[in-house]
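Protein chains: 2
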Amino acid sequence: MSPPISLAPLRIVLVEPAGPLNIGSAARVMKNFGLSQLVLVNPQCDPHGEDARQMAVHAYDVIEAASMVSTLPEALAGCQRAIATTARTRDLQTPLESPELALPWLLETSPTALIFGPEDRGLNNDEMLQAQRFIKIDTHPPYESLNLAQAVAICCYELSRVSQRPVQSVPLTEFSTSSDAATLDDLDGYYQHLESILLKIGYLYPHTASSRMRKFRQIGHRAALSTQDVAMLRGILRQIDWATHQETTSKSP
Amino acid sequence: MSPPISLAPLRIVLVEPAGPLNIGSAARVMKNFGLSQLVLVNPQCDPHGEDARQMAVHAYDVIEAASMVSTLPEALAGCQRAIATTARTRDLQTPLESPELALPWLLETSPTALIFGPEDRGLNNDEMLQAQRFIKIDTHPPYESLNLAQAVAICCYELSRVSQRPVQSVPLTEFSTSSDAATLDDLDGYYQHLESILLKIGYLYPHTASSRMRKFRQIGHRAALSTQDVAMLRGILRQIDWATHQETTSKSP
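Those protein sequences? They're chains P and G, same order as listed. Quick note: the first sequence, position 32, residue 32 per our numbering, numbers continuous. Quick note: the second sequence, position 163, residue 416 per our numbering, numbers continuous.
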């Protein structure tokens with residue numbers, strides 16, 4: 001199995017970001033997913049102020065290391081490939097793709113860039129055309145406009161997801177294969193103990209016991225009881241036995 | 254092609270959120286992806302203040318319509334299924350799954366809930382065990398901790414993605430896909446009943462009850478109890494209660 005592709009060389013380019021909270025949040029989520037190359041094009045706020053630090057928390061190093069440039073072409077210098085994000089269907093006559101479909105293309109070479117527009121207007125047509133492909137995160141009316149940092153988060157998550165091999169499902173029955181799964185002997189001893197107690201307390205009657213006990217066995221199998229589980233459950237049975245023994249004793253002449 | 258599944262009935266439950274910016278951002282991204290049921294459990298900040306409004310922008314209606322409750326069980330009232338999110342590998346001995354694998358399971362019935370913990374500590378073990386499944390968004394060292402609103406954004410995106418391309422969910426167990434799965438209310442009632450009986454018969458002591466009860470919840474979750482199973486198990490509890498009542502009665506002067 002091949003190791004996941006590193007996302008480290010991938011640039012996140014924010015064009016004229018105006019919200020320091022967004023810059024901080026974007027830096028944090030980049031670091032969360034293993035990205036580190038932040039490029040700010042002509043930022044409209046102070047990326048080193050208190051608001052940005054507050055949201056970056058332990059990712060302020062990403063902001064400190066960020067490149068500051070004046071134009072988008074400078075931000076893309078040396079890149080082989082770039083994808084632009086947009087919130088709207090534009091008249092660019094170029095197809096808009098989902099992140100899932102387009103982002104793997106950025107991972108086939110390096111360096112590459114993913115471009116986000118300003119909070120208020122998004123990327124304009126000239127800016128869009130600096131990229132070769134375009135993605136739109138599919139949102140819903142009546143409020144389609146994603147927050148900038150949320151869009152960055154979703155793209156970083158999707159990049160991370162597609163950079164890894166198809167995830168193997170965690171088998172939900174993993175308990176049954178674990179080394180401490182109760183043996184069949186243990187289980188049988190437990191079910192016999194359970195049956196005797198349920199008869200004793202008058203929950204089961206001899207003529208219905210076997211069908212009821214099948215249901216308890218089904219539940220136990222689904223729960224994939226461990227040795228410890230069985231010991232714990234038998235502890236309850238002993239306690240019930242003790243409690244009802246008190247009753248019998250006190251009733252006896 | 255079947256129409257996308259509506260995400261509208263799905264509850265986003267934030268337990269003790271302390272950051273109004275996060276509540277605002279979460280509301281915005283919920284609305285972006287077609288979710289509207291926000292439930293705040295014992296919020297530690299003002300969800301109607303200026304900070305929350307600033308981030309919610311045109312989704313402040315989601316906050317205005319949010320339910321405010323005191324406890325997580327109240328937040329989950331009536332839900333068939335719940336998934337809890339966690340940032341860490343816990344000692345719950347329950348598998349952590351990816352959002353992609355587990356979230357489709359919430360779309361197979363309704364209402365269902367997705368639970369997020371407080372910013373500083375995440376969900377504790379008791380809170381986690383109110384849910385039947387657990388997801389972890391796979392992040393990278395050295396900074397794995399996602400911002401709360403970013404985690405909500407990623408999950409809403411993933412829910413929207415999987416809702417549009419009906420994927421067969423990985424069933425919790427084969428059984429859990431049946432329509433007669435016990436509701437979370439039923440399960441909670443059963444565990445409370447079980448705890449009271451185990452205390453009464455002297456199996457549990459008040460100071461150890463909660464850790465033991467966590468184990469019983471784990472077993473029950475793995476078994477994916479049905480409504481009939483819960484009714485049957487509660488029948489046993491009533492019978493134990495009756496049997497020990499006999500004891501008390503016969504002992505009385």
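Just so you know, even glycine gets a beta-carbon here, dropped at the ideal spot from N, CA and C. Computed from a predicted model, the values in this text were never measured in an experiment.
Less than 7 Å between CB atoms is the rule here; does residue i satisfy it with respect to chain P?
{"i": "Gly287/G", "result": "yes"}
{"i": "Asn400/G", "result": "yes"}
{"i": "Ala462/G", "result": "no"}
{"i": "His393/G", "result": "yes"}
{"i": "His311/G", "result": "yes"}
{"i": "Gln492/G", "result": "yes"}
{"i": "Arg487/G", "result": "no"}
{"i": "Tyr458/G", "result": "no"}
{"i": "Ile388/G", "result": "no"}
{"i": "Ala476/G", "result": "yes"}
{"i": "Ile454/G", "result": "yes"}
Relative to the C-alpha of residue i, which candidate in the options has its C-alpha closest?
{"i": "Ile12/P", "options": "Gly202/P, Ile63/P, Tyr203/P, Gly49/P", "result": "Ile63/P"}
{"i": "Thr112/P", "options": "Tyr60/P, Leu10/P, Gly24/P", "result": "Leu10/P"}
{"i": "Arg133/P", "options": "Thr139/P, Ile115/P, Glu144/P", "result": "Ile115/P"}
{"i": "Ala477/G", "options": "Ala484/G, Ser259/G, Ala435/G", "result": "Ala435/G"}
{"i": "Thr86/P", "options": "Gly189/P, Pro104/P, Glu127/P", "result": "Glu127/P"}
{"i": "Val415/G", "options": "Leu233/P, Asp138/P, Glu97/P", "result": "Asp138/P"}
{"i": "Ala319/G", "options": "Asn378/G, Lys284/G, Ala335/G", "result": "Lys284/G"}
{"i": "Arg467/G", "options": "Gln218/P, Asp229/P, Met213/P", "result": "Asp229/P"}
{"i": "Leu486/G", "options": "Val57/P, Arg212/P, Gly189/P", "result": "Arg212/P"}
{"i": "Leu237/P", "options": "His193/P, Ala59/P, Thr227/P", "result": "His193/P"}
{"i": "Tyr60/P", "options": "Ser70/P, Val69/P, His48/P, Met68/P", "result": "His48/P"}
{"i": "Thr109/P", "options": "Asn125/P, Cys79/P, Asn124/P, Pro95/P", "result": "Cys79/P"}
Using a threshold of 7 Å, state whether the C-beta atoms of residue i and residue j are closer than that.
{"i": "Ala131/P", "j": "Ala26/P", "result": "no"}
{"i": "Glu195/P", "j": "Pro99/P", "result": "no"}
{"i": "Ala8/P", "j": "Ser36/P", "result": "yes"}
{"i": "Met308/G", "j": "Gly287/G", "result": "no"}
{"i": "Cys156/P", "j": "Val41/P", "result": "no"}
{"i": "Ile336/G", "j": "Ile258/G", "result": "no"}
{"i": "Gly370/G", "j": "Val268/G", "result": "yes"}
{"i": "Glu119/P", "j": "Gly19/P", "result": "yes"}
{"i": "Arg334/G", "j": "Leu359/G", "result": "yes"}
Where does the unbroken beta strand (DSSP E) through residue i begin, and where does it stop?
{"i": "Ser320/G", "result": "320-322"}
{"i": "Arg341/G", "result": "Segment: none, Arg341/G is in no beta strand (DSSP E) and carries neither H nor E."}
{"i": "Arg133/P", "result": "133-135"}
{"i": "Ile265/G", "result": "264-268"}
{"i": "Ile368/G", "result": "365-369"}
What residue range does the alpha helix (DSSP H) around residue i cover?
{"i": "Gln471/G", "result": "462-476"}
{"i": "Arg414/G", "result": "401-417"}
{"i": "Gln54/P", "result": "50-56"}
{"i": "Gln80/P", "result": "Per DSSP, Gln80/P belongs to no alpha helix (DSSP H) and is neither H nor E."}
{"i": "Gln445/G", "result": "437-453"}
{"i": "Leu274/G", "result": "273-285"}
Should residue i be flagged as near chain G, meaning a C-beta pair shorter than 7 Å?
{"i": "Val29/P", "result": "yes"}
{"i": "Thr244/P", "result": "yes"}
{"i": "Ser176/P", "result": "Residue confidence for Ser176/P is low, a pLDDT of 38 falling below 50, so the modelled location carries little weight and cannot support an answer."}
{"i": "Asp229/P", "result": "yes"}
{"i": "Ala52/P", "result": "no"}
Roughly how far, in whole angstroms, is the beta-carbon of residue i from the beta-carbon of residue j, given that I think they are within contact range, below 8 Å?
{"i": "Gly235/P", "j": "Tyr458/G", "result": "That belief does not hold up - the Cβ atoms of Gly235/P and Tyr458/G are roughly 13 Å apart, past 8 Å."}
{"i": "Pro270/G", "j": "Gln297/G", "result": "7 Å"}
{"i": "Ala496/G", "j": "Thr208/P", "result": "That belief does not hold up - the Cβ atoms of Ala496/G and Thr208/P are roughly 18 Å apart, past 8 Å."}
Under 7 Å between C-beta atoms, does residue i make it to chain B?
{"i": "Gln150/P", "result": "Reference to chain B is not applicable here, since the protein chains of this structure are P and G."}
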